[in-house]
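Shown next, in structure tokens, is the structure this report addresses.
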Amino acid sequence: MDTTSCSGRPQIVGPSEPEKPYPIFVQGDVVKGYGRGSKQLGIPTANLPSEAVERALKDIPIGVYYGWAQVKGGDVLPMVMSLGWNPFFKNEKRSGEVHIIHKFNDDFYGQSLKIAILAYIRPERDYASLEALVDDINMDISVAENSLGRPAYTQIKNAAFFD
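Next up, the structure:
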């Protein structure tokens with residue numbers, strides 16, 4: 101089966117089951133970010149507090165990841181996460197921005213967010229345009245959905261870590 105997209109990026113990344121150091125379980129209350137996810141990109145994000153970002157980064161490099169997320173004891177849903185500096189926006193501090201692949205009606209600032217980071221998608225990049233960044237994020241979302249469909253990844257939704 102061909103698992104490469106027309107963009108040349110693979111549609112599935114990571115081994116057939118998570119390998120060390122994954123899964124990495126992180127939790128923290130959602131904090132206000134830069135306000136760009138929904139407004140500028142059309143891709144809302146839940147931002148992790150800096151302590152949670154530092155915990156995650158002790159075991160993995162800066163980049164884009166996929167896994168599972170849960171807000172305040174709700175459903176466990178697929179997610180992609182940017183962990184790093186976001187060079188397109190020239191951030192001055194590292195951030196952990198989680199896009200939960202689900203349509204929410206309300207913000208959830210201050211709510212508990214639990215994530216299971218399962219695999220690396222790609223390194224962080226700078227972009228020539230906002231459109232190129234959004235295209236790459238949409239590809240990351242597709243890669244995450246395809247990759248999480250494998251049985252060893254799906255079963256992590258049921259981990260005791262999640263409520």
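Numbering (this note's numbering) for the sequence shown: 101 to 263. Where a beta carbon is used, it is the ideal one built from N, C-alpha and C, also for glycine. Predicted, not measured: the structure shown is a model, and the values here were computed from it.
- Task: May I ask whether a heavy atom of the ligand FAD can be found less than 6 Å away from the beta carbon of S182?
- Result: Among the components of this structure there are no ligands whatsoever, and the ligand FAD is therefore not found.
- If N147 sits next to E197, beta carbons under 8 Å apart, how far is it from one beta carbon to the other, in whole angstroms? In the sequence shown, counting from the first residue as 1, residue 147 sits at position 47. In the sequence shown, counting from the first residue as 1, residue 197 sits at position 97. A Cβ-Cβ separation of about 6 Å places N147 in contact with E197 under the 8 Å criterion.
- Query: Can you round the beta-carbon distance between V176 and H199 to whole angstroms, since I take them to be within the 8 Å contact cut?
  - Reply: Reading the sequence shown from its first residue, position 76 is the one you call residue 176. Reading the sequence shown from its first residue, position 99 is the one you call residue 199. The Cβ separation is near 15 Å, so there is no contact.
- Task: Could you name the residues that DSSP lists as bridge partners for G184?
- Result: If you number the sequence shown from 1, residue 184 lands on position 84. Answer is S195.
- Three-state secondary structure (DSSP) of K257: Working through the sequence shown from its first residue, we reach residue 257 at position 157. Per DSSP, reduced to three states, the secondary structure at K257 is helical.
- Are any of the Cβ atoms in chain D nearer than 7 Å to that of A146? Chain labels in this structure do not include chain D; a single protein chain is all it has.
- Using three-state DSSP, classify A228 as helix, strand or coil. One-based indexing of the sequence shown puts residue 228 at position 128. In this structure, DSSP gives A228 a state outside helix and strand, which the three-state scheme calls coil.
- Residue burial classification, I162 (beta-carbon count within 10 angstroms, cutoff 16): Residue numbering aside, residue 162 sits at position 62 when the sequence shown is read from its first letter. Taking all protein chains in view, the Cβ of I162 is surrounded by fewer than 16 other Cβ atoms within 10 Å, so the residue is classified as exposed.
- Message: Among the candidates G108, A219, E231, whose CA atom is the shortest distance from the CA of A244?
- Response: Numbered from 1 along the sequence shown, position 144 holds the residue referred to as residue 244. Ranked by how close their Cα comes to the Cα of A244, the residues G108, A219, E231 have A219 in first place.
- Message: Taking its Cβ as the centre, do 16 or more other Cβ atoms sit within 10 Å of K158, making it buried, or is it exposed?
- Response: Looking up residue 158 in the sequence shown gives position 58. By the 10 Å Cβ count, K158 comes out exposed.
- Item | Strand pairing of M179, partner residues [DSSP] | Counting from 1 along the sequence shown, the entry for residue 179 is found at position 79. Bridge partners of M179 according to DSSP: G167, I200.
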